[in-house]
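Enquirer: There's a structure below that I have some questions on.
2 protein chains.
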Amino acid sequence: MDNTISIVGHTALDHLFNVEKIAGPNESFPILDYEISYGGGAANIAATIATLGGKCQLISGVGNDFKSSGYEDYLTSTGVDLSHLYRMEDEKSTKAFVFTDKNHNQCTYFHWGPSARLKKTDPPSLDFVHLATSEPVFNSKVAQKAGFVSFDPGQDLVTYTSELLETILYNTNIMFANKHEIKRVCDMINQPFDKLKDMLDVVVVTYDEEGSRIYTDDIDYWIPAIPVNAVDPTGAGDGYRAGFLLGYIQRYPLNECGKIGSTVASFIVEKAGCQTNLPVWNDVEKRCKYYYDLNLSD
Amino acid sequence: MDNTISIVGHTALDHLFNVEKIAGPNESFPILDYEISYGGGAANIAATIATLGGKCQLISGVGNDFKSSGYEDYLTSTGVDLSHLYRMEDEKSTKAFVFTDKNHNQCTYFHWGPSARLKKTDPPSLDFVHLATSEPVFNSKVAQKAGFVSFDPGQDLVTYTSELLETILYNTNIMFANKHEIKRVCDMINQPFDKLKDMLDVVVVTYDEEGSRIYTDDIDYWIPAIPVNAVDPTGAGDGYRAGFLLGYIQRYPLNECGKIGSTVASFIVEKAGCQTNLPVWNDVEKRCKYYYDLNLSD
Chain E
1 MDNTISIVGH
11 TALDHLFNVE
21 KIAGPNESFP
31 ILDYEISYGG
41 GAANIAATIA
51 TLGGKCQLIS
61 GVGNDFKSSG
71 YEDYLTSTGV
81 DLSHLYRMED
91 EKSTKAFVFT
101 DKNHNQCTYF
111 HWGPSARLKK
121 TDPPSLDFVH
131 LATSEPVFNS
141 KVAQKAGFVS
151 FDPGQDLVTY
161 TSELLETILY
171 NTNIMFANKH
181 EIKRVCDMIN
191 QPFDKLKDML
201 DVVVVTYDEE
211 GSRIYTDDID
221 YWIPAIPVNA
231 VDPTGAGDGY
241 RAGFLLGYIQ
251 RYPLNECGKI
261 GSTVASFIVE
271 KAGCQTNLPV
281 WNDVEKRCKY
291 YYDLNLSD
Chain P
1 MDNTISIVGH
11 TALDHLFNVE
21 KIAGPNESFP
31 ILDYEISYGG
41 GAANIAATIA
51 TLGGKCQLIS
61 GVGNDFKSSG
71 YEDYLTSTGV
81 DLSHLYRMED
91 EKSTKAFVFT
101 DKNHNQCTYF
111 HWGPSARLKK
121 TDPPSLDFVH
131 LATSEPVFNS
141 KVAQKAGFVS
151 FDPGQDLVTY
161 TSELLETILY
171 NTNIMFANKH
181 EIKRVCDMIN
191 QPFDKLKDML
201 DVVVVTYDEE
211 GSRIYTDDID
221 YWIPAIPVNA
231 VDPTGAGDGY
241 RAGFLLGYIQ
251 RYPLNECGKI
261 GSTVASFIVE
271 KAGCQTNLPV
281 WNDVEKRCKY
291 YYDLNLSD
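Protein chains in written order, with UniProt numbering: chain E, 1 to 298; chain P, 1 to 298.
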């Protein structure tokens, strides 16, 4: 194993609109401003790991506007290995259209595009893989062939059947979820949390700006979040996973992996967008030392 | 005067989405499919006139994605003169995002972008101009400087003040409106229809698939629409205006201008999209002869 982390899931162009009001049926409202930002959980994580100095490849479906949008050149510049992308020239890239009104109400339309078509694709065998939000059938095929599996169904959990979820969990080493998702996962497989823990090496549950909790069979770590001036929480979870996994593959102890993840997330939230404020390893070392009194270089 | 028709108004990229449901606040729904189509009333009319063989220039604000979207090359290929565009490299082009659900409910978000910034722009003096849906202050400045003015406030009527509307009407020769808009115009200037007619040389009122009516002080023509297999009514009004104006500048009688407009519209509705089925003059001649028994070449 050469310490390459493979990330499976969405590479998406996020269209983020500020609008006067959320438009219902037969309504029309002006857009106050909007921006297109690089997103998709898998791409967020891959770009973060690569920027931190890790080896990382992205396993993702992309469409015919991946190059023209600038996203391809940008990801290449971070150092992510793009040689395993599924390029679909007859599809538009995966996209989210998110409309936010003045009262912070939000509605979203999601174009699955290439991500949906991964369902019928036969994945490669991977040594160390993180399954981010992604097409469930493809994720299950990857999990069954991979050496080491990290899994985070995220908001795509609603698209999983219980059977697919169980298949993946039987092949998973580390699972990530937020406090709502972890409960739903237990419900879907009809098992209490303790049984879920038994199925996996590690379970990481994130609690937004409060922190995260890392469970193994016999240990339970609480990692408080770093208090920073959070401008936009979007992408914080992806940053946490990127830092955690890069720590894990470098054999840092679990509680330190959590602190690395939490430190990375603290940078992401300081600017709007998921990939606009990616730290390098040296930034993480300094902040980890300052807030957690943890020397990563020791 | 060299028979050039100047068209003022929006050049927009229409993003047309089919979605499972219209998303309300804090809802998320998948996009079933979507396409980006060339639109904006002014650009629709200009492309139609140029394709018919007329001389036409577009007075419109465009953003930094006008070229990369393919729209610029397309308009150039139709023969529209683009040398009077306001190019704004720090703005995204004017866009409409239209979401349609399975029950044909529709909601729209409109990004004014460059069109909004025309407000502060000093327009050129134009011999023969059609004011399409556009920024009202800019339209009024154009109207006050132009030789001959055709005016169609369209769905942007809601953005006009009564004062701006009156200023434009005092400088207008031909006005176009649908049956709802004409009533609203009268309400806004607090005048009965007969008084409005007195202010203008010609008033054209369109009645969707039924036809149109052309009023002068003493004449009132009814032009029945041509019955065709209408796939998508979007852009029909723009097609009508293009045909009418091209006929008018070539000194066809008013009732024939209406028949030319109606014939052009009958082509537009046969295909989805506003600029996907533009006829050439010969097509119009043939259909005009067939349905109206009118020889345009006489």
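Backbone N, C-alpha and C define an ideal beta-carbon position, used for all residues, glycine too.
These numbers come from a predicted model, not from an experiment.
1) Can the beta-carbon of P:F176 be found closer than 8 Å to that of P:V204?
2) Name the residue from E:G211, E:T78, E:I36 and E:F193 whose alpha carbon lies nearest to the alpha carbon of E:L278.
3) Between which two residues does the alpha helix (DSSP H) carrying residue 314 of chain E extend?
4) Using 8 Å as the threshold, is the stretch 112-122 of chain E in touch with the stretch 75-94 of chain E, meaning 3 or more CB pairs across them?
5) Report the three-state DSSP secondary structure of E:N173 (helix, strand or coil).
6) Compare the C-beta of E:Y38 with all C-beta atoms of chain P and state if any pair is closer than 8 Å.
7) Restricting to Cα atoms, I'd like to know which of E:Y221, E:A230 and E:T4 is closest to E:V80.
8) Measuring alpha carbon to alpha carbon, tell me which of P:T48, P:K286 and P:F138 ends up nearest P:G243.
9) Once DSSP output is grouped into helix, strand and coil, what is the label at E:L294?
10) Please list, in chain order, the residues of the stretch 43-73 of chain P that have any C-beta partner in chain E closer than 8 Å.
11) Taking 8 Å as the threshold, find out whether the stretch 137-147 of chain P comes into contact with the stretch 46-62 of chain E through three or more Cβ pairs.
12) Decide if P:R287 is buried, meaning its Cβ has at least 16 other Cβ atoms within 10 Å, or exposed.
13) In whole angstroms, give me the CA-to-CA distance for P:D101 and P:V228.
14) Could you give the DSSP three-state label for P:C107: helix, strand or coil?
15) Could you say if the stretch 254-268 of chain E and the stretch 24-33 of chain P meet the contact criterion of at least three C-beta pairs nearer than 8 Å?
16) Closest by CA to P:E256, which one among P:N103, P:S212 and P:G70?
17) Alpha carbon to alpha carbon, how far is E:A236 from P:G39?
18) Would you mind reading off the limits of the beta strand (DSSP E) that contains P:N56?
19) In the structure shown, what three-state DSSP assignment does E:H84 receive?
20) For P:T121, which residues from the same chain have a beta carbon less than 7 Å from its beta carbon, with the 5 sequence-adjacent residues on both sides left out?
21) Looking only at its chain, what residues have a beta carbon closer than 6 Å to the beta carbon of P:N178, apart from the 5 residues adjacent to it on each side?
22) Going by the CB atoms, is the gap between E:A143 and E:L157 shorter than 8 Å?
23) According to DSSP, is E:V284 part of a helix, a strand, or is it coil?
24) Suppose you measure from the CA of E:Y292 to the CA of E:Y240; what does that come to, to the nearest Å?
25) Does the beta-carbon distance from E:D14 to E:V98 come in below 8 Å?
26) Less than 8 Å between CB atoms is the rule here; does P:Q250 satisfy it with respect to chain E?
27) Under 8 Å, Cβ to Cβ, is there at least one residue of chain P near E:H111?
28) Using the C-alpha atoms, what's the distance from P:Y74 back to P:K67?
29) Based on Cα-Cα distance, which residue from P:G154, P:M188 and P:E181 lies nearest to P:L165?
30) Across which residues does DSSP place P:G39 in a beta bridge pair?
31) Taking only runs that begin and end inside the stretch 132-215 of chain P, name each unbroken alpha helix (DSSP H) of 4 or more residues, in chain order.
32) Ends of the alpha helix (DSSP H) at P:A230?
33) Can a CB atom of chain P be found closer than 8 Å to the CB of E:I5?
34) Among P:G258, P:V280 and P:L196, which has the Cα closest to the Cα of P:Y221?
35) Tell me which residues of the stretch 8-41 of chain E have at least one Cβ-Cβ distance to chain P shorter than 7 Å, keeping chain order.
36) Would you say E:N105 faces chain P, with C-beta separation under 8 Å as the test?
Expert: Checking against the coordinates, here is how it stands:
1) For P:F176 and P:V204, yes; Cβs fall inside 8 Å.
2) Scanning E:G211, E:T78, E:I36 and E:F193 for the CA closest to the CA of E:L278 turns up E:T78.
3) With chain E represented from 1 up to 298, any question about residue 314 of chain E goes unanswered, as that position is not in the structure.
4) Cβ pair count under 8 Å is three or more, so yes.
5) Note: E:N173 maps to coil in three-state DSSP.
6) With respect to chain P, the C-beta atom of E:Y38 has no partner C-beta closer than 8 Å.
7) Ranked by Cα distance from E:V80, the first of E:Y221, E:A230 and E:T4 is E:T4.
8) P:T48 is the residue among P:T48, P:K286 and P:F138 whose C-alpha sits nearest the C-alpha of P:G243.
9) Secondary structure at E:L294: coil, using DSSP grouped into helix, strand and coil.
10) Taking 8 Å as the cut-off between beta carbons, the residues of the stretch 43-73 of chain P near chain E are S68, in sequence order.
11) Between the stretch 137-147 of chain P and the stretch 46-62 of chain E there are fewer than three inter-stretch CB-CB distances shorter than 8 Å, so the stretches are not counted as touching.
12) A residue is called buried when at least 16 other Cβ atoms come within 10 angstroms of its Cβ; P:R287 meets this threshold and is buried.
13) When only Cα atoms are considered, P:D101 and P:V228 end up about 26 Å apart.
14) It is a strand residue.
15) The stretch 254-268 of chain E makes no contact with the stretch 24-33 of chain P, as fewer than three CB pairs between them are under 8 Å.
16) The option with the nearest alpha carbon to P:E256 is P:S212.
17) E:A236 and P:G39 have their C-alpha atoms some 38 Å from each other.
18) It is Cys, not Asn, that sits at residue 56 of chain P in the sequence shown. It spans K55 to I59 - the beta strand (DSSP E) in which P:C56 sits, taken as one unbroken run.
19) Of the three classes helix, strand and coil, the one that applies to E:H84 here is coil, per DSSP.
20) The residues are Y86 and F138.
21) Around P:N178: T206.
22) No; because the gap between Cβ atoms is not below 8 Å, this pair is not in contact.
23) E:V284 falls in the helix class under three-state DSSP.
24) Going by the C-alpha atoms only, they are around 15 Å apart.
25) A distance below 8 Å separates the beta carbons of E:D14 and E:V98.
26) P:Q250 does not count as touching chain E.
27) Flagged as an interface residue toward chain P: E:H111, by a C-beta distance shorter than 8 Å.
28) Whole-angstrom Cα-Cα distance: 9 Å.
29) Closest option to P:L165, Cα to Cα, is P:M188.
30) P:G39 is bridged to P:A12.
31) DSSP assignment within the stretch 132-215 of chain P yields the following whole alpha helix (DSSP H) runs of 4 residues or more, N-terminal first: 136-145, 162-170, 179-189 and 193-199.
32) Run containing P:A230: none; DSSP gives neither H nor E here.
33) At a cut-off of 8 Å between beta carbons, E:I5 makes no contact with chain P.
34) Selection P:G258, P:V280 and P:L196 evaluated against P:Y221 yields P:G258 as nearest (Cα-Cα).
35) Hits within the stretch, in order: F17, V19, I22, A23, G24, P25, N26, E27, S28, F29, P30, I31 and Y34.
36) At least one chain P Cβ lies under 8 Å of E:N105.
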